[in-house]
Amino acid sequence: MIRLDKYLSDSGLFTRREASRLIRAGAVTVDGSPCRDPAQKIDEDAADVTANGRPVGYARVRWFMLNKPADTVSTTDGDPKSVMNLFPPELRRIGLFPCGRLDIDTTGLLLITNDGPTAHDLLSPKKHCEKEYRFTCLPLADEQVRQLEEGIALSDFTSKPCRVTLDDPAHDREHGRIAVTEGKYHQIKRMFLAVGSEILALERTVFAGIPLDPDLAPGEWRALTPAEIEILSQNHIPDTGDSHGHIETTQR
Ligand code: URA
């Protein structure tokens, strides 16, 4: 059971103050009857609530898919380049943050949520959650592809075996996909530099089994569908042991 004003502000549609004002003005109904008491306790799982005549569903946690454009940063700290500026104020108020980080020049799939525990678990190195990227790079020889796939000893860690596929290896050695299960700082750029190539463009296309929606232009976002949230919950097996591993840090 939660207070009616909290129910409305958790929906992300109103601030707590706006919710209170609407309730006192008689614009909110609970199970068909107006309720003018912001402190009224309601059952968030069962109550049928409307505000200004429109149904308001209770949203404990929210998940969005953003097609991150270049020249944006994956932070919540008020940076003018923050990806959070692509969301309207009413959604920024519900504690949304990016689930992981992409470099300032990396584009593509970034999940945005207010579900801290699930995000933490998805980013835990123990989860081996797969991320796939499309890349453009300096031409890759078969031997360099093999080295990338086997794992590269970098200054602070050795990358795990991964999949690298060139789109059209007979004619084009500069475009392909790489799927990794880690999320270390500048990982893919560092792996390519270590084998003597270089990433020229990087776009994340899949995160934890969820592909980037091709209908989203850079800068556009949408809520995850129930089926996509179900995929995340299958990836979300809470950690029982202590994890001291590195979780993706701010990358710019
Ligand atoms: N690896 C990188 O080098 N950069 C990213 O943004 C993501 C993975």
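With my numbering applied, the sequence shown covers 73 to 324.
From the three backbone atoms N, C-alpha and C, an ideal C-beta is built for every residue, glycine too.
Everything numeric in this text was worked out from a predicted model, so none of it was measured.
- DSSP, read as helix, strand or coil, puts residue 157 in helix.
- Unbroken alpha helix (DSSP H) runs of no fewer than 4 residues, entirely contained in the segment 193 to 257, are found at 214 to 222, following chain order.
- Those residues having their beta-carbon less than 5 Å away from any non-hydrogen atom of the ligand URA are, in chain order, 174, 175, 178, 258, 259, 260, 261.
- Counting C-beta pairs closer than 8 Å gives three or more between the segment 76 to 90 and the segment 117 to 124, which meets the contact rule.
- Counting along the chain, residue 90 sits inside the alpha helix (DSSP H) bounded by residues 88 to 96.
- Between the segment 293 to 306 and the segment 203 to 214, the count of C-beta pairs closer than 8 Å stays below three; the two stretches do not touch.
- If you draw a straight line from the Cα of residue 119 to the Cα of residue 104, it comes to about 10 Å.
- In the three-state reduction of the DSSP assignment, residue 190 falls in the helix class.
- Taking a contact as a CB-CB distance under 8 Å, the pair residue 75 and residue 110 counts as one, their CB atoms being some 7 Å apart.
- For residue 290, same chain residues with a beta-carbon under 7 Å away, outside a window of 5 residues either side, are 139, 141, 179 in chain order.
- Looking at the DSSP output, residue 139 sits in a beta bridge with 181.
- Here the C-alpha atom of residue 244 lies approximately 14 Å from the C-alpha atom of residue 269.
- Cβ neighbours of residue 94 within its own chain (closer than 6 Å, five residues either side excluded): 100, 123.
- Apart from the 5 residues on each side of it in sequence, residue 285 sits with its Cβ closer than 7 Å to the Cβ of 137, 294 in its chain, given in chain order.
- With contacts defined by Cβ atoms closer than 9 Å, residue 237 and residue 250 form a contacting pair.
- Assignment of residue 262 by DSSP, reduced to helix, strand and coil, places it in the helix class.
- Between residue 209 and the set 144, 262, 165, the nearest pair of CA atoms involves 262.
- Looking only at 280, 287, 301, 300, the smallest Cα-Cα distance to residue 172 is reached by 280.
- In the three-state DSSP reduction, residue 76 falls in the helix class (H, G or I).
- Residue 114 carries a strand assignment under DSSP once its states are collapsed to helix, strand and coil.
- Residue 272: member of the beta strand (DSSP E) spanning 271 to 279, first to last residue.
- Within the DSSP secondary-structure output, residue 122 pairs in a beta bridge with 101, 127.
- As computed with DSSP, residue 294 is found in a beta bridge with 137.
- Of the candidates 177, 98, 79, the residue whose Cα lies closest to the Cα of residue 145 is 177.
- Each of 115, 154, 135, 252 was checked against the Cα of residue 304, and the nearest Cα belongs to 135.
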